[in-house]
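Here's the structure we're looking at; comments come further down.
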Amino acid sequence: MLIELFGPGCAKCETLLKHTKHAVEQLGGDHQVVKVSDYMAMAARGILSTPALAVDGQLKFQGKVPSSDEILALLKA
Amino acid sequence: MDVSKNSQLEGAVSSGSSCCGGDSCASKPSTKPSLLRRGGWLLIALPLWFGLYRILEPLANGITTHLFRLNPTSRLGSAVAFFLYDSPKVLMLLSLVVLGVTFMQTFITAEHTRDVLARRAGVWGNLVAAIFGIFTPFCSCSAIPLFIGFVRVGVPLGVTFSYLISAPMVNEVALFMLLGMFGWKIAAIYAGTGVAIAFVSGWVLGKLRMEKHLEPWVMEIPFQAQAAQETRMAFSDRLKAGVQGVRDIVGKVWPYLLVGIGVGAFIHGYVPQDLMARFMGKGAWWSVPLAVLVGVPLYSNAAGVIPIVQALIGKGAALGTTLAFMMAVIGLSLPETIILRKVLRPRLIAVFVGIVATGIMFVGYLFNLIL
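Residue numbers (my numbering), protein chains in the order written: chain S, 1 to 77; chain R, 1001 to 1371.
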């Protein structure tokens, strides 16, 4: 899976990165986590509030920081 | 410009180890949570909160006089009492306010706001945008994507500005903190004037036809709007989001808050009554622009300004001047302006800051005049 994280690098985005990495470790397998901090790229994807997360090009949520368990459930779905 | 240039920080994160190492497997999530866990704890926590809140003042005075053996009317004594009373008070108030506000915000998302605003034309759009700005969560790091997302789906520039001005200036946390500390009148004045400034400033900016002063890439990059998210959640999940919000926000701002209360305590104990009245009183006409000038480069969390505001008003500073100072600190911030420079040409930035600062000064003079 390609997991994209959108955020300019504020504290919330760092927390989300931590949670996501944890969830990916729990999930196992080979996945790519990419952090996107470019405003233009974010805007082009129609993101209104950061941090946001997309899996395989599909936006899953934006403007919140779910727990790693919630992210894990989302990745499994 | 290269849009696809992502910062590839993490690369591949792969993990071959088994996911269940020990205790974490023991908890079975399938059982229905008890009433207490679904939100019943509020029934116990809330009365406890109110009870504690009511005894804070006598408690702080008692500690000052009996434990520290200070005279509460002396300078040091009154500063210490102010600090001991205000620190728990502000922290408790902030926790309750953030819990309620974050709970409320699970009902509103930026996408819904965008969709509502895209349907409103003319002056109504500005008004609705300014009112929506009160309640929507806003973080200055989201300002750019939000701005582009609004403008590209057809929300007029002036309406977008009404929202962008109102969202940070009428801060929902500051609003409820003012309500708790000064009563509904001052809270209403703050919200009302903030919305009015955002409404008028956005309307004026819209009339000036500044579209050509956007950076060209804003309208040129390929863009794909996202549909609004589903916001149906269980009550307990909204409450959980609220508790998480308290942890995040209070956990982050408490040191700044204590600094703010410390400054407030110093003003309360050591700054002579007539000094503030002279510098920030109604008579000093230059105090309003000065307050705005000092407030703009200062960047503080909304909650951190409140104790300072409280101490200033207590020392005879005029309400309009103090309100102008507070709005300049939280509404117009240097970091946000620098971020906005990525999408706005310098001339539009200057017009934006100029109109909002003028609005804040107007409010300052108005309230010095009528109150």
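Idealized CB from N, CA, C, for every residue including glycine. Source: prediction; values computed, not measured.
Here's the rule: buried if 16 or more other CB atoms are within 10 angstroms of the residue's CB, otherwise exposed. What is residue i?
| i | result |
| --- | --- |
| Ala1302/R | buried |
| Trp1203/R | buried |
| His1066/R | exposed |
| Gly1122/R | exposed |
| Ala1060/R | buried |
| Glu1111/R | buried |
| Lys1252/R | exposed |
| Ser1034/R | exposed |
| Thr1073/R | exposed |
| Gln1310/R | buried |
| Lys1207/R | exposed |
| Ala77/S | exposed |
| Ala1318/R | buried |
| Leu1036/R | exposed |
| Ile1044/R | exposed |
| Leu1175/R | buried |
| Leu1046/R | exposed |
| Gly83/S | Chain S is shown from 1 up to 77; residue 83/S falls before or after that span and cannot be answered. |
| Phe1147/R | buried |
Give me the DSSP bridge partner(s) of residue i.
| i | result |
| --- | --- |
| Glu4/S | Val34/S and Ala54/S |
| Gln26/S | The partner list for Gln26/S (beta bridge, DSSP) is empty, contrary to what the question assumes. |
| Leu59/S | Ala54/S |
| Leu1344/R | Leu1214/R |
I need the straight-line Cα distance from residue i to residue j, nearest angstrom please.
| i | j | result |
| --- | --- | --- |
| Leu1258/R | Ala1079/R | 13 Å |
| Met1/S | Leu27/S | 11 Å |
| Leu1323/R | Phe1182/R | 13 Å |
| Ile1306/R | Gly1154/R | 37 Å |
| Tyr1085/R | Thr1064/R | 10 Å |
| Met1177/R | Ala1118/R | 32 Å |
| Ile53/S | Gln1273/R | It should be noted that the sequence gives Leu, not Ile, for residue 53/S. Their Cα atoms are separated by approximately 53 Å. |
| Met1280/R | Ile1360/R | 15 Å |
| Phe61/S | Pro8/S | 16 Å |
| His19/S | Ile3/S | 12 Å |
| Val1090/R | Pro1145/R | 33 Å |
| Ile1108/R | Gly29/S | 36 Å |
| Leu16/S | Pro66/S | 7 Å |
| Leu1094/R | Leu75/S | 34 Å |
| Gly1316/R | Leu1275/R | 9 Å |
| Leu1371/R | Thr1113/R | 35 Å |
| Gly1149/R | Arg1209/R | 19 Å |
| Val1128/R | Val1195/R | 10 Å |
| Gly1269/R | Asn1368/R | 25 Å |
| Val1263/R | Asn1071/R | 20 Å |
| Ser37/S | Ile1338/R | 16 Å |
| Leu1048/R | Leu1042/R | 10 Å |
| Pro1156/R | Val1353/R | 19 Å |
| Glu1220/R | Thr1160/R | 18 Å |
| Lys12/S | Val1288/R | 35 Å |
| Val1098/R | Val1173/R | 7 Å |
| Arg1152/R | Ser1142/R | 16 Å |
| Ile1267/R | Gly1304/R | 15 Å |
| Val1351/R | Leu1205/R | 8 Å |
| Glu25/S | Ala73/S | 13 Å |
| Phe6/S | Gln32/S | 14 Å |
| Thr1358/R | Phe1199/R | 13 Å |
| His22/S | Ile1355/R | 46 Å |
| Val1363/R | Thr1193/R | 7 Å |
| Asn1126/R | Leu1340/R | 20 Å |
| Val1116/R | Phe1083/R | 44 Å |
| Leu59/S | Arg1232/R | 18 Å |
| Ala51/S | Ile1197/R | The amino acid occupying residue 51/S in the given sequence is Pro; Ala does not appear at that position. Using only the alpha carbons, I get a separation of about 29 Å. |
| Ser1333/R | Pro1297/R | 6 Å |
| Leu1096/R | Gly1331/R | 23 Å |
Worksheet item: Should the region 1278–1293 of chain R be regarded as contacting the region 1312–1332 of chain R, the criterion being three or more beta carbon pairs within less than 8 Å?
Response: Counting C-beta pairs closer than 8 Å gives three or more between the region 1278–1293 of chain R and the region 1312–1332 of chain R, which meets the contact rule.
Worksheet item: Does the region 1270–1284 of chain R come within contact of the region 1097–1105 of chain R, defined as at least 3 CB pairs closer than 8 Å?
Response: Contact between the region 1270–1284 of chain R and the region 1097–1105 of chain R is absent, because fewer than three Cβ pairs lie under 8 Å.
Worksheet item: Are at least three pairs of beta-carbons, each pair with one atom in the region 1337–1346 of chain R and one in the region 1207–1222 of chain R, less than 8 Å apart?
Response: With a cut-off of 8 Å, the region 1207–1222 of chain R and the region 1337–1346 of chain R count as touching, because enough Cβ pairs lie within range.
Practice prompt. For the region 1218–1228 of chain R and the region 40–60 of chain S, state whether three or more C-beta atom pairs, one from each stretch, are separated by less than 8 Å.
Written response: Result yes; three or more Cβ-Cβ pairs closer than 8 Å.
Worksheet entry | Whole alpha helix (DSSP H) elements within the region 1125–1195 of chain R, 4-residue minimum | Complete alpha helix (DSSP H) runs here, min 4: 1143–1152, 1157–1169 and 1172–1182.
Worksheet entry | At least 3 beta-carbon pairs within less than 8 Å: the region 1234–1249 of chain R vs the region 1044–1062 of chain R | Segment contact: the region 1234–1249 of chain R against the region 1044–1062 of chain R, fewer than three CB-CB distances shorter than 8 Å; contact not assigned.
Practice prompt. Note down, in chain order, all residues in the region 1088–1119 of chain R with a beta-carbon under 8 Å from any beta-carbon belonging to chain C.
Written response: You won't find chain C in this structure, because its protein chains are S and R.
Practice prompt. Would you check if the region 1182–1194 of chain R and the region 1231–1238 of chain R touch, i.e. whether three or more CB-CB distances between them fall below 8 Å?
Written response: The region 1231–1238 of chain R makes no contact with the region 1182–1194 of chain R, as fewer than three CB pairs between them are under 8 Å.
Item to complete: Within the region 1074–1119 of chain R, note down every full alpha helix (DSSP H) run reaching 4 residues or more, in order along the chain.
Response: Whole alpha helix (DSSP H) segments, 4+ residues: 1075–1105 and 1110–1119.
Item to complete: Count the C-beta pairs between the region 1163–1176 of chain R and the region 1117–1136 of chain R that are closer than 8 Å, then say yes if the count reaches three, no if not.
Response: Because the criterion of three Cβ pairs below 8 Å is met, the region 1163–1176 of chain R and the region 1117–1136 of chain R touch.
Worksheet item: Of all the alpha helix (DSSP H) runs that stay within the bounds of the region 1273–1326 of chain R, which reach a length of 4 or more residues?
Response: Taking only runs of at least 4 residues, the alpha helix (DSSP H) segments lying wholly in the region 1273–1326 of chain R are 1273–1280, 1287–1295 and 1302–1314.
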